[in-house]
């Protein structure tokens with residue numbers, strides 16, 4: 058009996074690890090535009106706005122898939138859903154091996170559709186196999202994911218320069234398909250992981266949950282530093298506004314994801330030890346605003362100053378983990394995937410908003426200059442386009458302060 062329990066626990070850990078690796082892989086795809094912006098624009102002959110739309114299309118697919126995948130994962134179990142999504146994620150990259158921009162855009166949507174399962178699976182599988190250590194195991198999986206984002210920068214660029222664009226993409230496709238096959242063999246469902254009650258009751262507990270929706274909307278306001286800046290314009294900003302050389306500017310955005318790794322682990326441990334989650338989110342929002350304002354003011358002229366500010370921004374971006382954990386507290390365990398889907402979908406939808414606004418401002422004023430394969434936007438234009446990030450973070454932070462005050466008042470009146 059004891060050996061059987063150990064075997065199940067080991068299988069659960071392996072299944073969780075495969076999900077974490079999938080989460081890391083989708084992050085490589087997500088940050089691709091930041092790493093290969095000039096290469097993509099030059100190869101396919103597109104401008105800044107079309108490129109910005111390409112980046113944003115990931116979030117269209119990512120967002121659209123959340124609710125259907127959340128329902129399927131809760132009703133059918135992760136084992137029947139996740140492997141197919143892994144395959145879809147990597148198959149969406151295939152058009153980039155060829156020359157059709159329309160197919161590349163369609164593939165970007167496909168990659169977003171498949172990638173949506175990664176975040177849902179992290180929360181669902183961590184809850185299934187490690188319910189007592191849910192927050193910590195979720196944060197560790199997210200840390201592994203952020204490592205994918207980190208290696209999606211300069212290390213991936215070095216790999217492409219050494220082995221070529223096509224070989225790099227084929228490698229990613231192969232890794233994704235291997236993960237899909239292994240997941241079919243390893244994932245298993247638990248007794249309470251599949252919803253057996255009324256679908257309408259489950260849907261009602263999520264879609265009409267005002268607190269979950271409010272928390273998610275406010276969380277979306279804070280996402281611009283990660284989904285908009287870090288995965289789209291960080292390298293260009295560091296080069297032109299901070300005057301950091303191109304090689305270091307390609308590496309430095311990885312510190313955002315390093316900070317996010319640290320933040321995810323620290324904040325999850327604090328949350329598991331009964332720290333007030335809303336206070337954690339508010340502090341993260343306040344420091345995000347402060348650090349980003351300093352960036353926009355040009356207080357990043359040295360590698361060390363840029364490193365500190367980007368690390369702070371990264372650490373604070375881990376607020377998203379706390380936000381989703383707080384949101385799903387308002388639903389039962391059988392609806393965790395759907396609740397995560399709705400919450401994460403709303404937050405990530407703001408990623409499309411930030412990408413589109415930033416790209417639209419740059420496209421309207423950029424003269425289209427590309428020198429030696431690198432686009433030159435101008436420091437003033439980049440600052441003007443990225444002001445939306447701290448403004449959104451400020452709105453979200455104030456909103457969470459108001460929400461928390463109302464919740465505290467209700468508790469005191471009981």
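In this note's numbering, the protein residues as written are 58 to 471. Backbone N, C-alpha and C fix where the C-beta goes; we use that ideal spot for every residue, glycine too.
Asked: Residue 426 classed as buried or exposed, judged by whether at least 16 other C-beta atoms fall within 10 angstroms; Found: exposed
Asked: Straight-line gap, residue 350 to residue 447 (C-alpha atoms, nearest Å); Found: 7 Å
Asked: Exposure of residue 462, with buried meaning 16 or more beta-carbon neighbours within 10 Å; Found: exposed
Asked: Assigned secondary structure, residue 403 (DSSP; H/G/I helix, E/B strand, else coil); Found: helix
Asked: Helix, strand or coil at residue 76 according to DSSP, with G and I counted as helix; Found: helix
Asked: Nearest-angstrom Cα separation, counted from residue 344 out to residue 292; Found: 21 Å
Asked: Straight-line gap, residue 367 to residue 257 (C-alpha atoms, nearest Å); Found: 44 Å
Asked: CB contact flag (residue 201, residue 77, <8 Å); Found: yes
Asked: Proximal residues to residue 44 (C-beta, below 6 Å), its chain only, five neighbours per side dropped; Found: In the structure as shown, the chain starts at 58 and stops at 471, and residue 44 therefore has no counterpart that could be examined.
Asked: Counted within 10 angstroms of its Cβ, other Cβ atoms place residue 326 as buried (16 or more) or exposed; Found: exposed
Asked: Residue 428 in three-state terms, based on DSSP; Found: strand
Asked: Beta-carbon spacing of residue 236, residue 143 below 8 Å; Found: yes
Asked: For residue 302, three-class secondary structure by DSSP; Found: coil
Asked: Touch test, the segment 403-412 against the segment 111-123, Cβ-Cβ under 8 Å, three pairs minimum; Found: yes
Asked: Cβ neighbour criterion (16 or more within 10 Å) applied to residue 191; Found: buried
Asked: Exposure label - residue 330; buried when at least 16 CB within 10 Å; Found: exposed
Asked: Chain-order list of residues whose beta-carbon lies under 8 Å from that of residue 126 (same chain, five-residue window excluded); Found: 138, 142, 173, 174, 177, 394, 398
Asked: Every unbroken alpha helix (DSSP H) inside the segment 310-392 [4 residues or more]; Found: 311-329, 334-353, 360-374, 376-385
Asked: Residue of 89, 130, 80, 109 minimising C-alpha distance to residue 420; Found: 109
Asked: Under 8 Å between C-beta atoms of residue 403 and residue 273; Found: yes
Asked: Runs of alpha helix (DSSP H) wholly within the segment 123-167 (minimum 4 residues, chain order); Found: 135-148
Asked: Residue 270 (DSSP reduced to helix, strand or coil); Found: helix
Asked: Reduced DSSP category for residue 465 - H, G, I as helix; E, B as strand; rest coil; Found: helix
Asked: Secondary structure of residue 255, DSSP reduced to three states; Found: coil
Asked: Assigned secondary structure, residue 119 (DSSP; H/G/I helix, E/B strand, else coil); Found: helix
Asked: Buried/exposed call for residue 224, threshold 16 Cβ in 10 Å; Found: exposed
Asked: Residue of 277, 68, 467, 306 minimising C-alpha distance to residue 120; Found: 277
Asked: Member of 82, 285, 336 whose CA lies at the smallest distance from the CA of residue 443; Found: 285
Asked: Whole-angstrom C-beta distance between residue 271 and residue 460, which should lie under 8 Å; Found: 6 Å
Asked: Exposure of residue 92, with buried meaning 16 or more beta-carbon neighbours within 10 Å; Found: buried
Asked: Residue range of the alpha helix (DSSP H) that includes residue 97; Found: 94-101
Asked: Span of the alpha helix (DSSP H) around residue 222; Found: 222-243
Asked: Contact check, residue 179 vs residue 396, beta carbons under 8 Å; Found: no
Asked: At least three beta-carbon pairs within less than 8 Å, the segment 77-90 to the segment 352-361; Found: no
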